[in-house]
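The sequence shown lines up with residues 383 to 666 when you count with my numbering.
No residue lacks a Cβ here, since even glycine has one placed at the ideal position from N, Cα and C.
All figures in this text were calculated on a predicted structure; none of them were measured in a lab.
Take a look at the structure set out below.
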Amino acid sequence: MHRALVSHAHGDHAVPNNGLVYCTAATKAFMDHRHGLKLFTEFSVVKYGIPFLLNDVKVTYYPAGHMLGSAQILMEYAGERYLYTGDFKTQEDKSCEPFEYIKCDHLITETTFASPEYEHPDPVSVLKELVTENVNVVIGAYAIGKAQRIAKVLSDFFPEIPVYVHPEIVPFNDIYSAHGFDLGQWKPYRRAEFKEQEQSFYIVSPSQFKRFSRNKNVLKVFATGWKQSYYECDRVLPISDHADWNGLLELIKRADPKKIYTVHGDGTFIKEHLKDSKIAVEIL
Ligand SMILES: [Zn+2]
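Written as structure tokens, this is what we have:
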């Protein structure tokens, strides 16, 4: 049977028809909800830090800090340690398991924001700026991961402001609670209630966000690490669940690899940055 090691539940990593999938319990729950009976997949649920064998390869999952259930995958074979980070971030995020630094010989890492121009600000200060504007805000955010992180920060730091969540996102929030991550004081969206508020936040997925493009009564912000949003909005909310330049450098320092393979994004800045070091960089 075809087998797949799945790092996390985002749609560009977790897809149907994979035979036997090895993933964390939370990733399985997200995949079950998204695809249900159409998944055509069996699961082997993996716990962080508990190794298992695949032929002669010892495999261990570690938290990647990207979203609930996200994992880095360490593969040990013939005395060499290969670490695939998956999507990851080192910035604090109370809505998921914190990133763990793992030593390896070969580091396979994402390079989504691997350029010195990217330094992701603290989400609390980013959201505080919105709070001081005292208006109703619609926040576009990915339905799994980003939406819950924003709900959690709002609830923890600005508990006086109501937070509404689109019905499409509610089942994902419930999966977070079921896995021990309470996201605080959010509520399912009620139109009349939202409109009555002097100030409140409404978190919607990208597909719903598009519907607000002509709405003049709310501030429309889209959460992304990129400088510009793919979606029409009043402004970008610079909150990312990927490592920025300094996060990536810290990862490399602490993983201490002899070789790095970069995937997803642009590895050229890292290659240039390490050109006089002992670490070889290959851009895949
Ligand atoms: Zn992802």
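Where residue i sits in the DSSP three-state scheme
i    : result
T514 : coil
P445 : strand
K410 : helix
G418 : helix
H395 : coil
F651 : helix
K657 : coil
S426 : strand
L666 : coil
Beta carbon of residue i nearer than 8 Å to that of residue j
i    : j    : result
A446 : H390 : yes
V547 : A533 : yes
S426 : D648 : no
S582 : P549 : no
F604 : F591 : yes
T472 : T644 : no
H448 : F412 : no
H395 : T494 : no
G393 : T423 : no
G607 : S587 : no
T650 : I661 : no
L450 : A408 : yes
I634 : I585 : no
Counted within 10 angstroms of its Cβ, other Cβ atoms place residue i as buried (16 or more) or exposed
i    : result
R531 : buried
Q454 : buried
A574 : exposed
K569 : exposed
Along the chain, which unbroken stretches of the beta strand (DSSP E) at least 3 residues long are found entirely within the stretch 585 to 649? Fully enclosed beta strand (DSSP E) runs of 3 or longer: 601 to 605, 617 to 619, 641 to 647.
*Would you say the stretch 508 to 515 touches the stretch 523 to 540, given that touching needs at least three Cβ pairs under 8 Å?*
Because the criterion of three Cβ pairs below 8 Å is met, the stretch 508 to 515 and the stretch 523 to 540 touch.
In chain order, each alpha helix (DSSP H) run of at least 4 residues that lies wholly inside the stretch 505 to 585:
With a minimum length of 4 residues, the continuous alpha helix (DSSP H) runs that stay inside the stretch 505 to 585 are 505 to 513, 528 to 539, 552 to 560, 573 to 578.
Contact the stretch 475 to 492 vs the stretch 551 to 565: 3+ CB pairs below 8 Å
With a cut-off of 8 Å, the stretch 551 to 565 and the stretch 475 to 492 count as touching, because enough Cβ pairs lie within range.
_Three or more C-beta pairs under 8 Å: does that hold for the stretch 424 to 438 against the stretch 483 to 490?_
Short answer: they don't touch.
message: So within the stretch 444 to 503, which uninterrupted beta strand (DSSP E) runs reach at least 3 residues, ignoring any that extend past its ends?
response: If we require 3 residues or more, the beta strand (DSSP E) runs fully inside the stretch 444 to 503 come out as 453 to 459, 462 to 466, 488 to 493.
Checklist line | At least 3 beta-carbon pairs within less than 8 Å: the stretch 519 to 529 vs the stretch 645 to 659 | finding: Because the criterion of three Cβ pairs below 8 Å is not met, the stretch 519 to 529 and the stretch 645 to 659 do not touch.
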